[in-house]
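S.K.: Just passing along the structure, written as structure tokens.
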Amino acid sequence: MTHQNPFSSATVLALFSVCSLSSGLLAAAQDRPAADAIVVSDFLPAGYVRDGSVSYQAELQAALDAAAGTGRQIVFPPMTYLLNSAAGLRVASDMTLWMHGARFVLSPKIREDGQAFRGQAVRNLRFFGGEIIGRNDQWPLGTNVRGIYLTGECRHVRIADMVIRDSSSNGVGVFGADADHTAGDVWLLDTVIDHCCNVYGDYQAPAGELRGPEKGSVREDQGSVAFYFVGDFVVRGCRFEDSRSEGTHFYRCRNGHFTDNRVYRAKMGGY
Numbered sequence: 007m008t009h010q011n012p013f014s015s016a017t018v019l020a021l022f023s024v025c026s027l028s029s030g031l032l033a034a035a036q037d038r039p040a041a042d043a044i045v046v047s048d049f050l051p052a053g054y055v056r057d058g059s060v061s062y063q064a065e066l067q068a069a070l071d072a073a074a075g076t077g078r079q080i081v082f083p084p085m086t087y088l089l090n091s092a093a094g095l096r097v098a099s100d101m102t103l104w105m106h107g108a109r110f111v112l113s114p115k116i117r118e119d120g121q122a123f124r125g126q127a128v129r130n131l132r133f134f135g136g137e138i139i140g141r142n143d144q145w146p147l148g149t150n151v152r153g154i155y156l157t158g159e160c161r162h163v164r165i166a167d168m169v170i171r172d173s174s175s176n177g178v179g180v181f182g183a184d185a186d187h188t189a190g191d192v193w194l195l196d197t198v199i200d201h202c203c204n205v206y207g208d209y210q211a212p213a214g215e216l217r218g219p220e221k222g223s224v225r226e227d228q229g230s231v232a233f234y235f236v237g238d239f240v241v242r243g244c245r246f247e248d249s250r251s252e253g254t255h256f257y258r259c260r261n262g263h264f265t266d267n268r269v270y271r272a273k274m275g276g277y
């Protein structure tokens, strides 16, 4: 089904006015997009479809690029967005992405490592709402695709109210470079990460069955949430379910708070 653009900027901003970040978890955050926010549907072609049958990944990237360096917020109206390239969408510093009701579906045809969202040494980055859906039932073993992948000296990152399902690597992975080049002030809040990570076989499995991590994956692909060299982090109010390896994976992290979370049915446990 095709549409003229029902999501004018004014309409979208009015819809988002009903969304709220509860309990004061992000004290400095707004509860709705700014009036001058960039609405990504303004970058889509006339007659675009909303069911995810066509990929507009280049147009979505153009919207993000238009916001980069401006401090303007970005709104993804509620619809299904197909990501057919493992490169995903690049995010930059000083970005706030409003994504309530948006579904980002990664193509089952992906055959290389990647992610839905990618950031390098970003600061003041915020993701609010949205769902990322992988296809680990269709991707070959050893194809490692994350939901959100941030590397380098990232600072002041907030990820809240998201759902991430069926990735073949971390739902959320934040990786500082080393002990001298860490990420910091990273908060993951009220987020569900379900059935993600690489496949990890029991070391005592019968002969002929997988023992240890699947070929082509590495230690960093384990964990529904994986933080490496991250300081001053908060993981709160989240649910990590049915991980295909570890429920959580924290390595060389300091001053972290992991509270009011639930970790269920992870293949290897967590922490």
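The opening position of the sequence shown corresponds to residue 7 in this note's numbering, with each subsequent residue numbered one higher. Each residue gets a CB set at the ideal place from its N, CA and C atoms; glycine is no exception. As the structure is a computational prediction, the values presented were derived from the model and not from experiment.
Just to confirm, are residue 176 and residue 231 a CB contact at a threshold of 9 Å?
M.R.: Mapped onto the sequence shown, residue 176 falls at position 170. Mapped onto the sequence shown, residue 231 falls at position 225. Cβ atoms of residue 176 and residue 231: closer than 9 Å.
S.K.: Roughly how many whole angstroms lie between the Cα atoms of residue 203 and residue 132?
M.R.: On the sequence shown, position 197 is the one that residue 203 refers to. On the sequence shown, position 126 is the one that residue 132 refers to. For the pair residue 203 and residue 132, the Cα-to-Cα distance works out to about 23 Å.
S.K.: So within the segment 203-264, which uninterrupted beta strand (DSSP E) runs reach at least 3 residues, ignoring any that extend past its ends?
M.R.: 231-234, 240-242, 245-247 and 254-257
S.K.: Provide the residue span of the beta strand (DSSP E) that contains residue 103, from first to last.
M.R.: Reading the sequence shown from its first residue, position 97 is the one you call residue 103. Bounds of the beta strand (DSSP E) holding residue 103 are 101-104.
S.K.: Given a threshold of 16 other Cβ atoms within 10 Å of its Cβ, counted over all protein chains shown, does residue 76 qualify as buried or as exposed?
M.R.: Working through the sequence shown from its first residue, we reach residue 76 at position 70. Taking all protein chains shown into account, residue 76 has fewer than 16 neighbouring C-beta atoms within 10 Å of its C-beta and is therefore exposed.
S.K.: Considering only the alpha carbon of each residue, which of 237, 260, 198 and 210 lies closest to residue 266?
M.R.: For the purposes of this step, residue 266 is taken as the residue at position 260 of the sequence shown. It is 198 whose Cα lies nearest to the Cα of residue 266.
S.K.: At what residue ranges does the segment 41-77 contain a whole run of the beta strand (DSSP E), taking only runs of 3 or more?
M.R.: If we require 3 residues or more, the beta strand (DSSP E) runs fully inside the segment 41-77 come out as 57-61.
S.K.: Does the beta carbon of residue 188 come closer than 9 Å to any beta carbon on chain B?
M.R.: Absence of chain B from the displayed structure is noted, only one protein chain being present.
S.K.: Alpha carbon to alpha carbon, how far is residue 181 from residue 56?
M.R.: Within the sequence shown, the letter at position 175 stands for residue 181. Within the sequence shown, the letter at position 50 stands for residue 56. Between the alpha carbons of residue 181 and residue 56 lies a gap of roughly 33 Å.
S.K.: Is residue 191 closer than 9 Å to residue 237 when the C-beta atoms are compared?
M.R.: Indexing the sequence shown from 1 puts residue 237 at position 231. Indexing the sequence shown from 1 puts residue 191 at position 185. Against a cut-off of 9 Å, the Cβ pair of residue 191 and residue 237 comes out as a contact.
S.K.: Determine the burial state of residue 275: buried for a count of at least 16 other Cβ atoms within 10 Å of its Cβ, exposed for fewer.
M.R.: To locate residue 275, count along the sequence shown from 1; it is residue 269. It counts as exposed.
S.K.: Hey, how far is the Cα of residue 104 from the Cα of residue 212?
M.R.: As a first step, residue 104 is located in the sequence shown; it is residue number 98 there, counting from the start. As a first step, residue 212 is located in the sequence shown; it is residue number 206 there, counting from the start. Between residue 104 and residue 212, the C-alpha separation is close to 47 Å.
S.K.: Return the first residue and the last residue of the beta strand (DSSP E) that residue 137 is part of.
M.R.: For the purposes of this step, residue 137 is identified with residue 131 of the sequence shown, where counting begins at 1. That run of the beta strand (DSSP E) goes 137-139.
S.K.: Taking the alpha carbon of residue 140 as the point to measure from, which residue in 102, 158 and 94 has its own alpha carbon closest?
M.R.: The count along the sequence shown starts at 1 and reaches residue 140 at position 134. Of 102, 158 and 94, the residue nearest in Cα terms is 94.
S.K.: Should residue 223 be labelled buried (16 or more other beta-carbon atoms within 10 Å of its own) or exposed?
M.R.: Working through the sequence shown from its first residue, we reach residue 223 at position 217. Buried, since its Cβ has 16 or more Cβ neighbours within 10 Å.
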